[in-house]
Structures are given as structure tokens and as C-alpha cells.
Amino acid sequence: MRGSGALLCALSALCVSVGAELKARSCGDVRQAYTSKGFSLVNVPHQEISGEHLRICPQGYTCCTSEMEEKLNQQSKLEFENLLDETSHSLRTTFVSRHKKFDEFFLELLENTEKSLNDMFVRTYGKLYMQNADVFQDLFAELKRYYTGGNVNLEETLNDFWVQLLERMFKLLNSQYHFSDDYLECVSKYTDQLKPFGDVPRKLKAQVTRAFIAARTFVQGLMVGREVANRVSKVSVTPACARALTKLLYCPYCRALPSLKPCVNYCLNVMKGCLANQADLDPEWNLFIDAMLQVAEKLEGPFSIESVMEPIDVKISEAIMNMQDNSVQVSSKVFQGCGQPKPSGMVRSARGISDVFNARFRPYSPEEQPTTAAGSSLDRLVVDIKEKLKQSKKFWSTLPDGICKQDKVTAGEANEEQCWNGHSQGRYFPEVLKDGLTNQLNNPEVEVDITRPDTFIRQQIMALRVMTNKLKNAYNGNDIFFQDSSKSSPQSPSGSVNHSNAPDGVPHSPGPQRDPMCHCEVGGTRVPWSLALSCTSDTQAEANSTPYQFIHKCRHSQILLQY
């Protein structure tokens, strides 16, 4: 009897123990957490059930049905996309807001400069200016069109301005003669030889072209940075990544541990696997940021658009004074070269025109740099942009850290034992991998095919590479949209690319140069071989489907880059 009693006691204790365990493994907390996500509690277990049906989470006793696991899989993808969106929000808004500010500032500065010149010239030259104001209006229209991406050769635009100004002034200063269009064309040929405007055209051309090249390229860089950041932040989740995310974020639910957060290192390996291609963007991104910072230095220095545009009215007036002072010599040499013009029958005023052209402007003070309605002066705006650009370096390689160091995502580095390791509560032992696709070969959490880089990410890498090349050229004062035909080879025709109507504001890639051995095309515009990979000489591509496709044919593969 004593033996039987002892056995009954032992069985009773076992029953109590089993009952306690069943009570501890209740799915009540899971049900509450599950419904808080907006899911129905229909068919959600009250207590753990056998887990042979699970395909992602650890099998064994579980609080998850197959339907729950699938819903949590979809929820994991959604939350990952939201995390990526939140983590990259600051980067994206930086490029959006700074692009908007710089663009508004520049256009307003251009508008204010034109208005200032118009007001001063009306006061100074009166009717004579108003009758010829179209020459100045055309100049500013072309400058604006260049800045906004138009097919404009800056050097030719400025040369044309001085030629037209010479023709108009020559007629005014010699109003007693009649000049045909052919005669005026002959006059224009003496511009370089006679230098009627002194050294002003040469100096102003150098200053304006460098300032506008830097400004246009810089604002395009901000635009490209904006578009790349927006696009790369919208990631396509692979099935393997989705499985790893579900295991990371929601398999604790299935183990009746809904409040247990993942270990930091576990999270890092998952994110490094899911964001492997994004990390590969980082080297080109960093080069792009460095090039942006270099051009920004130019904007602060001698090529500041403010220092060039603010005194432009005074400089043009100075040129007009030079023409007035040398009018007799200029007219004499033109008459010798182009022939004696026919009298117009009009008698030239003895004082009117001379008095008008002898008017002088007040001295220009370089300290007078008013702020525009768009914000602060250019210097302060550029300093702000530079600081934001510096903060964005290495963004894509540190993106996993940016996600996994958030308190709402992981248990934190101080809780290495009290975290979800993918199987249970406890320390996560596998080593954290390095960044990038090639380093994910042995990722313990995400199955990554390192032989198949993401084509979409490679498109963005190429976009950054092309933009970086533009920035480097702009830093050196070279406009790769247009190159002086006298300085380029016969096979390198000048050309320009208009981005004003491009989708999402993304510019076409430039195509002014052509290497005879190799080229690619962007919507019909040839791209220099130096911007491409390894094109072949006979691979002219068709880009009829859309003008914003970058068709890149190489020796071993063809890559379609959709901008």
C-alpha cells in the first residue's frame, strides 16, 4: 500500500507539473498581440498545438497555425518596408528640401538680377535701352534655359549677346548711315579683332560659364541624389528575405513569446542579407557625395553665382562705356574692312546719344548680397547643404545598423541573453557578416544568391557614376553638355541633354563625346565610353521605347538602365 501511495503521489505531482506547464504555455498573450496587428482571432489557438505544419518558424509546440504564419510573413514584409522608409526618411527629405531651396534660390537670383539690370538701364539709358531691351531679355532667357537643362551652349550664347550688342550700338553711334544685314554681319566679324567692349566680354564669359556650369551640375546632383534615395528606399523583398524577416520579427509569437525582441547581431545578419545590394551602392554613393562637396566648394568660392550675377549690370555698362570711348576708332576700322556705308539721310544728334552713353552707375559694393525670398544667402545655403551631404556618406552600408539599433526593433546590445536568437530566448552566437553582396555567401539567416546582383540597384549605381563624372567635369570648369568644337575631335560633336521633361525630374545622361571605338546610348544620345563599362564598337543601340532608357551593350551582356 505504501508503494501504491508513493506512486499515486508521484503521478499527482507529475500531473500538477504538466498542468502548470500547460498554463505557462498559454497562447493568451499571443492572441492579444496578434489581434493588435489587426488580425482576426478566429482559429487562433488558446494553447500551444503541435507545430509540424510550420514552414518558417521552429516546429514543435506552437501558438501559430499555417494561416497565422502566412499572415505574419506578409506583415513582416510590410514592417520591413516601413522600417526602411522611416530610416531613410531623413536622407530623402534632405535631398528633396535642399534641391528645392537651391533651385528656388538660383531662379529667384536670376530673376532679381534681370530686374535690377532692367531698372538701372531704364533709368540710365531710357528709351535707347527700351528699344533694344530684347537683346538683354534674350540673354537672361538663355541663361535660365541653360540652368533648367536646356540645349544651350553658354559660350555661344554670350558671344551672340556681345555681337548683337555691338550691332545695335554701332547703328546707334553711326545713325547717320544705313546698314544692311550683310553689313552688320561684317561688323560682327571684327568683334575679336577690335575688342570694342574691352576685356569685359572675355572676363564675364569665363566667370558666367564656370558659375553656371557649377550651379547647374550641382542642382542636377541634388536631383539625382533625391531620385536614387527615393528609389533604393523602396526595396523589393525576396522570398528568402521574407522568410528571414518573419523568423526574426514574428516567430517569437509562435513560441508564445510575443514580447521578446530579436538579438541585435541576429537582426544585423538578417538585414545585411536582405540589404546586400543596397550596401553595394555605398562606394559609388560616397564618390558621388565627395564630388558634390567639391562642386559646393566652387559655389562658395570664386564661381559663386552671387558674386558673378550681382554686378553684371555694372560690368555690361562698363563694356558700353568702352564702346563709346572707342567708337571713332572702331567705326573707322569697320568702314575700312566692310566698306563705306550709305548715308541714311538722317542727321545725327550732336549730344543725345553721347550724353546717354556717358551716364555712369554708382560703384558696386561686393558686400551687397541681399537674401532672396527663398531663404538665406547662397553661402549660408551651400554650407547647410554641405553639412547634410557629409552626414549622408556611408548611409547604405550602415543601413542595417540604423534599423537594428532602434529600440522598437531589437532588445538592445545590453540584453544579449534576454533576446530572440531565431530559435529561443538566449544569446545569438553566429558571427556578424561584412556588408555587400559577395560577403553574404555564408549568411546563416538569409539565403542570398551572390551571382545575381540586383539589376535595379545596378541601374542606380550607373546613374550615380554618370552624375559623378558630370560633377568632376564641373569642378574643373568643363561643361560636358557642350564642348567647344575647336577643342574636341571631329568624332566628338557637342551636344546637350534636356532634363526638364524627364520623368520624376531625372535628367538624361549626357552625350557630348564619342569615342570612335566604343559608345553607348541614352535615348538616342551617345554616352562617352568613359562613363560606360566595356562597350563594343558595333553596338549602337535602339532606344525607341522611351527616351529615358539607358541601353548599355557590353562584350558579354546587355544591361537595360531605366532612369
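Number 186 in the UniProt record's numbering belongs to position 186 of the sequence shown; there are no gaps in the numbering.
Even for Gly, the Cβ is constructed at its ideal location relative to N, Cα and C.
Note that the coordinates shown come from a computational prediction; the quantities given were computed from them, not determined experimentally.
Discussion item. Whether or not the stretch 208–227 and the stretch 36–55 are in contact is what I'm after, with contact meaning three or more pairs of Cβ atoms, one per stretch, closer than 8 Å; do they touch?
Written reply: Verdict: no, contact absent.
Practice prompt. Measure the beta-carbon distance from ASP454 to ASN277 and round it to whole angstroms, keeping in mind my assumption that it falls under 8 Å.
Written response: Within the sequence shown, the letter at position 454 stands for residue 454. Within the sequence shown, the letter at position 277 stands for residue 277. The beta-carbon separation of ASP454 and ASN277, rounded to 4 Å, stays under the 8 Å limit for a contact.
Worksheet item: Comparing alpha-carbon positions, which option in SER344, ALA229 and TYR61 lies nearest SER26?
Response: As a position in the sequence shown, residue 26 is number 26, starting the count at 1. That would be TYR61, whose Cα lies nearest to the Cα of SER26.
Practice prompt. Would you mind reading off the limits of the alpha helix (DSSP H) that contains PRO164?
Written response: Counted from its first residue, the sequence shown places residue 164 at position 164. The residue asked about is misnamed: residue 164 is Gln in this sequence, not Pro. According to the DSSP assignment, GLN164 belongs to the alpha helix (DSSP H) that extends over 154–173.
Worksheet item: In three-state DSSP terms, what is ALA532?
Response: By one-based count along the sequence shown, residue 532 stands at place 532. Low local confidence applies: a pLDDT of 37 at ALA532 is under 50, so the model's placement there is unreliable, and no value is given.
Discussion item. If distances are taken between C-alpha atoms only, which option among LEU72, GLN137 and GLY337 comes closest to SER188?
Written reply: As a first step, residue 188 is located in the sequence shown; it is residue number 188 there, counting from the start. Nearest option by C-alpha distance: GLY337.
Worksheet entry | Residues bridged to ILE49 [DSSP beta-bridge criterion] | Mapped onto the sequence shown, residue 49 falls at position 49. Beta-bridge pairing links ILE49 to THR62.
Discussion item. Closer than 7 Å to a non-hydrogen atom of the ligand NAD - does that hold for the CB of MET321?
Written reply: No copy of the ligand NAD occurs in the structure displayed, which carries no ligand at all.
Worksheet entry | Secondary structure of PRO196, DSSP reduced to three states | As a first step, residue 196 must be located in the sequence shown, where it is residue number 196. Three-state result, PRO196: coil.
Fill in: 3 or more residues per run - each beta strand (DSSP E) lying fully within the stretch 65–115
List check, beta strand (DSSP E) in window: nothing returned.
Discussion item. Please give me, in chain order, every unbroken run of the alpha helix (DSSP H) with length at least 4 that falls completely inside the stretch 275–316.
Written reply: Runs found: 276–280, 282–300 and 305–309.
Discussion item. Quick test of the definition: if touching needs 3 or more C-beta pairs under 8 Å, does the stretch 179–188 touch the stretch 240–251?
Written reply: Result no; under three Cβ-Cβ pairs closer than 8 Å.
Practice prompt. Return yes when the Cβ of ASN43 is within less than 8 Å of the Cβ of GLU67, no when it is not.
Written response: In the sequence shown, the residue the question calls residue 67 occupies position 67. In the sequence shown, the residue the question calls residue 43 occupies position 43. Contact annotation: GLU67 and ASN43 have beta-carbon atoms nearer than 8 Å.
Worksheet item: Between LEU399 and the rest of its own chain, which residues show a CB-CB distance below 8 Å, the 5 nearest in sequence each way excluded?
Response: Position 399 of the sequence shown holds residue 399. Residues of the same chain with a CB within less than 8 Å of the CB of LEU399, apart from the 5 flanking positions on each side, are LEU84, THR87, SER88, MET271, LEU275, GLN278 and ALA279 in chain order.
Discussion item. Whole angstroms are fine: how far does the CA of ARG427 sit from the CA of ALA33?
Written reply: Here the question's residue 33 lines up with position 33 in the sequence shown. Here the question's residue 427 lines up with position 427 in the sequence shown. Between ALA33 and ARG427, the C-alpha separation is close to 24 Å.
Discussion item. Quick check on SER26: does DSSP put it in helix, strand or coil?
Written reply: As a position in the sequence shown, residue 26 is number 26, starting the count at 1. Strand at SER26.
Discussion item. Checking the sheet assignment: what are the DSSP bridge partners for PRO262?
Written reply: The sequence position of residue 262 within the sequence shown is 262, counting from 1. PRO262 pairs with TRP420.
Item to complete: Assign PRO341 to one of three DSSP states: helix, strand, or coil.
Response: Within the sequence shown, residue 341 is the residue found at index 341, counting from 1. Here PRO341 sits in coil by DSSP.
Item to complete: Answer yes or no: do CYS254 and TRP420 have a C-beta to C-beta separation smaller than 8 Å?
Response: Taking the sequence shown and counting its residues from 1, one reaches residue 254 at position 254. Taking the sequence shown and counting its residues from 1, one reaches residue 420 at position 420. Not in contact: CYS254 and TRP420 (Cβ atoms no closer than 8 Å).
Fill in: Same chain, Cβ closer than 6 Å to HIS423, five either side skipped, listed in chain order
Mapped onto the sequence shown, residue 423 falls at position 423. So the qualifying residues of the chain are PRO58.
Worksheet item: Can you name the start and end residues of the alpha helix (DSSP H) that ASP138 belongs to?
Response: Taking the first residue of the sequence shown as position 1, residue 138 is located at position 138. 133–147 is the span of the alpha helix (DSSP H), which, as asked, contains ASP138.
Discussion item. Per DSSP, what are the beta-bridge partners of TYR183 in this structure?
Written reply: Taking the sequence shown and counting its residues from 1, the one referred to as residue 183 is at position 183. Looking at the DSSP assignment, TYR183 forms no beta bridge with any residue, so it has no partner.
Worksheet entry | For LEU433 and CYS404, the rounded distance between their alpha carbons | To locate residue 404, count along the sequence shown from 1; it is residue 404. To locate residue 433, count along the sequence shown from 1; it is residue 433. Rounded to the nearest whole angstrom, the CA to CA distance from CYS404 to LEU433 is 14 Å.
Fill in: Nearest candidate by alpha-carbon position, reference LYS37, set GLN75, MET321, LYS115 and ASN269
The sequence position of residue 37 within the sequence shown is 37, counting from 1. Of the candidates GLN75, MET321, LYS115 and ASN269, the one whose C-alpha sits nearest the C-alpha of LYS37 is GLN75.
Item to complete: Grab me the residues of PHE395's own chain with a C-beta within less than 6 Å of its C-beta, minus the 5 sequence neighbours each way, in chain order.
Response: Counted from its first residue, the sequence shown places residue 395 at position 395. Within the same chain, LEU91 come within 6 Å of PHE395 by CB-CB distance, once the 5 residues on both sides are set aside.
Fill in: DSSP bridge partner residues for GLN425 (one or two, in chain order)
The residue you call residue 425 lines up with position 425 of the sequence shown. Per DSSP, TRP420.
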